[in-house]
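**Student:**
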Amino acid sequence: MRILRDRRVRAAAVVLLAAVVAGCASAKFIPTKGAYAAKPENCAMEVFTSRVPERPYEEIGIIEGEGMLGAESLEEVLPEMIKEACLAGGDGLILLSSERSVNVGGGDDFIGSNEELHTVATVIVWTD
Numbered sequence: 088m089r090i091l092r093d094r095r096v097r098a099a100a101v102v103l104l105a106a107v108v109a110g111c112a113s114a115k116f117i118p119t120k121g122a123y124a125a126k127p128e129n130c131a132m133e134v135f136t137s138r139v140p141e142r143p144y145e146e147i148g149i150i151e152g153e154g155m156l157g158a159e160s161l162e163e164v165l166p167e168m169i170k171e172a173c174l175a176g177g178d179g180l181i182l183l184s185s186e187r188s189v190n191v192g193g194g195d196d197f198i199g200s201n202e203e204l205h206t207v208a209t210v211i212v213w214t215d
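Residue numbers (our numbering): 88 to 215.
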């Protein structure tokens, strides 16, 4: 019985490690106005964290970004959000909120927790 339990613990550890190595950040674009021509994934993107831009702009959508398994900062989530904003044709992101939560899970053989970062931003295009 102990051998079976050890295998389950090892299998859970391998799955956990694979998830960490594969990257755990994701982002989803939700359009709110029209469609814009996509830009390359690595386009130049202005990110506003503490103020709105002074240039005239319009909102084209919202981006929701999430990071799992110990995401401690925007460093993991923001690149995915920028990539999605570029593909949506955006020129900039205005960060609206960033919240952390801890999800505690359990089971017969494994008890653990993970930290999740949920970030929301407005995607904008310049109108000047």
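The C-beta atom is built at its ideal place from N, Cα and C for all residues, glycine as well.
1. DSSP three-state label for P118, please.
2. How would you label A122, buried or exposed, when you count the other beta carbons within 10 angstroms and need 16 or more for buried?
3. Could you name the residues that DSSP lists as bridge partners for Y144?
4. Taking the continuous alpha helix (DSSP H) assigned at E162, which residues delimit it?
5. In the DSSP assignment, the beta strand (DSSP E) including V134 goes from what residue to what residue?
6. Note down the Cα distance separating I169 from G179, rounded to an integer number of angstroms.
7. So, at 7 Å on beta carbons, what are the nonlocal neighbours of E128 in its own chain, with the 5 sequence-adjacent residues on each side left out?
8. What is the rounded straight-line gap between the Cα of V189 and the Cα of F116?
**Tutor:** From the atom records:
1. The residue given as residue 118 occupies position 31 in the sequence shown. The answer is strand: DSSP assigns P118 an E or B state.
2. As a first step, residue 122 is located in the sequence shown; it is residue number 35 there, counting from the start. Flag for A122 reads exposed.
3. In the sequence shown, counting from the first residue as 1, residue 144 sits at position 57. Note: Y144 sits in a beta bridge opposite W213.
4. In the sequence shown, residue 162 corresponds to position 75, counting from 1. Note, E162: alpha helix (DSSP H), L161 to L174.
5. Along the sequence shown, one-based indexing puts residue 134 at 47. V134 -> beta strand (DSSP E) spans E133 to F135.
6. The sequence position of residue 169 within the sequence shown is 82, counting from 1. The sequence position of residue 179 within the sequence shown is 92, counting from 1. So the alpha carbons of these two residues sit roughly 8 Å apart.
7. What you label residue 128 is simply residue 41 of the sequence shown in a count that begins at 1. In chain order, K170, C173 and L174 place their CB closer than 7 Å to the CB of E128, counting only its own chain and leaving out the 5 sequence neighbours on each side.
8. As a first step, residue 189 must be located in the sequence shown, where it is residue number 102. As a first step, residue 116 must be located in the sequence shown, where it is residue number 29. Roughly 24 Å separates the two Cα atoms.
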